[in-house]
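Here is the structure we will look at.
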Amino acid sequence: MESNDQNQATIETTGLELGFWDRLINIFTNPRKTFESLDRQPSWLVPVIIMVCITILSTQLLFPMLIDKQLEMIRNNPNISTEQLQAIEQQLTENVNTQRVITLISQIIFIPVVFYFLLVFIFYFIGTVILGGDASYKKVLSVFAWSTFILALSVIITFPLAMIKNSMSISLSPALLLPDDSIDTTIYAFLANFNIFTIWFLAVFATGFAVIYRFSLTKAYITIGLLWCIWIAISTAFSGFFSRFGM
């Protein structure tokens, strides 16, 4: 608390707050400093826009691989006849541009609404109602949005690897040690959750969660860790269902 009071006094004296670039650099080097700044002056729009743009750009550039994966899954389906396969392949190849537009629009809607607003509401509800903390929804959204710059770095790093390997299945996790034919297995889905960037992101977000709610780091880490374990259980259990849609 004494450190926060000193930081607040410094801000009031100088009239300065961390700018965008200072917050961005500190999210990687000293995240607590960024989150203390967001606690005083929350902001979320720019990080969300940047994350949406990075995701859209990488998806559009990798779109031919997405189509190839869909075709491969269809060809490996024993329940589809040769005539049906030819019709589906023709439809996919003829409507590539339409699918690009649909994917673009869905990402513009899905990423902000579901990945940010709805997911953040869960964290806000848990922190405020269940754990009895005191922080605004905007602060939780700001902390989450700035934390996702860690995930943006992951996209930037894995994108060229995907281009080089001509594969969508690039995982910086223990799943990398498994053979290529295990991608659609349950064990692959389980191990893929332990991506080093995912763990880094969760640790950073938990730090921000602790800052804005005035929780101890232990309490914040346990809370976020338990939610992550629930997600791992759900995503692993439904991995077979998701793989049918190329997810």
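Numbering (this note's numbering), first residue to last: 2 to 248.
Backbone N, C-alpha and C fix where the C-beta goes; we use that ideal spot for every residue, glycine too.
Query	Result
Local conformation of Glu18 per DSSP, three classes	coil
Pick from Thr83, Thr159 and Pro65 that is closest to Asn196, judged by C-alpha positions	Thr159
Segment limits, alpha helix (DSSP H) that includes Ser170	Counting along the chain, Ser170 falls outside any alpha helix (DSSP H), and DSSP gives it neither H nor E.
Selected residue, minimal CA-CA separation from Phe118, among Cys54, Leu46, Ala153 and Ala193	Leu46
7 angstroms Cβ cutoff met for Arg101 and Phe150	no
Arg245 versus Pro79: straight-line alpha-carbon distance, rounded	Summary for Arg245: the model assigns pLDDT 48, below 50, so the residue's position carries little reliability; its value from the coordinates is reported in the next sentence. If you take the alpha carbons of Arg245 and Pro79, they lie about 14 angstroms apart.
Option in Arg76, Lys140, Ile81 and Leu72 with minimal Cα separation from Thr94	Leu72
Touching by the beta-carbon criterion (3+ pairs, under 8 angstroms), the stretch 202-211 and the stretch 222-232	yes
Residue closest to Leu152, alpha-carbon to alpha-carbon, out of Asp40, Val97 and Met52	Met52
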